[in-house]
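Visitor: The structure that follows is given in the form of structure tokens.
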Amino acid sequence: MPQEFTDANFKNQVLQNDKPVLVDFWAPWCGPCQMVAPVIEEVAQEVEGRAFVGKVNVDDNPHLAAQFGVSSIPTIMLFKGGSPVERIVGVRQKQDYIDAINNYTGEGSDKS
């Protein structure tokens with residue numbers, strides 16, 4: 003299950019995390035955000051143990067959205083070592099999110 007990230011816990015949970023963290027910037031009124039939510043939940047289950055997955059409600063945490071230049075939602079960002087390393091805007095397939103995580107965990111199809 004994706005974690006809820008806020009202004010209060012983002013630094014500790016995301017920026018200071020040793021593992022990659024996939025963050026879904028969303029809002030309750032956003033139709034595409036509602037479409038991607040179950041996909042993000044599936045991603046969280048599939049990458050459990052090697053990456054973290056969470057969500058930021060941009061209405062409740064506008065500072066975080068501004069800090070990372072989120073102007074369209076859903077925006078899904080992957081953080082590694084305290085910095086954003088991937089940005090996906092809009093709704094994508096589940097595998098796109100998993101591939102982004104795999105790029106930073108050493109897993110996936112690039113091992114061939």
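Quick note on this note's numbering: the sequence shown kicks off at 3 and runs consecutively. Glycine is no exception: its CB is placed at the ideal position from the N, C-alpha and C atoms.
1) Taking the Cβ atom as the reference point for each residue, do M3 and E43 lie within a distance shorter than 8 Å?
2) At which residues does the alpha helix (DSSP H) containing N14 begin and terminate?
3) Following a CB-centred definition, is R94 positioned closer than 7 Å to any heavy atom of the ligand SAM?
4) Buried or exposed for S111, please, with buried defined as at least 16 other CB atoms from any protein chain shown within 10 angstroms of its CB.
5) State the Cα-Cα distance for the pair N11 and K57, rounded to the nearest angstrom.
6) Check for me: the alpha helix (DSSP H) holding V72 runs from which residue to which?
7) If we ignore side chains and look at the alpha-carbon of each, how far apart do V87 and C32 end up?
8) Looking at the structure shown, is M3 part of a helix, part of a strand, or coil, going by DSSP?
9) Do the CB positions of K96 and V41 come within less than 8 Å of each other?
Guide: Quick look at the numbers:
1) Yes, these two residues count as a Cβ contact at 8 Å.
2) Membership of N14 in any alpha helix (DSSP H) is not indicated, and neither H nor E is assigned to it by DSSP.
3) No copy of the ligand SAM appears in this structure; indeed no ligand is present at all.
4) In this predicted model, S111 has a pLDDT of only 48, less than 50, meaning its place in the structure is not dependable enough to derive any value.
5) 12 Å
6) Looking at the DSSP string, V72 is not in any alpha helix (DSSP H), and its letter there is neither H nor E.
7) 24 Å
8) M3 falls in the coil class under three-state DSSP.
9) yes
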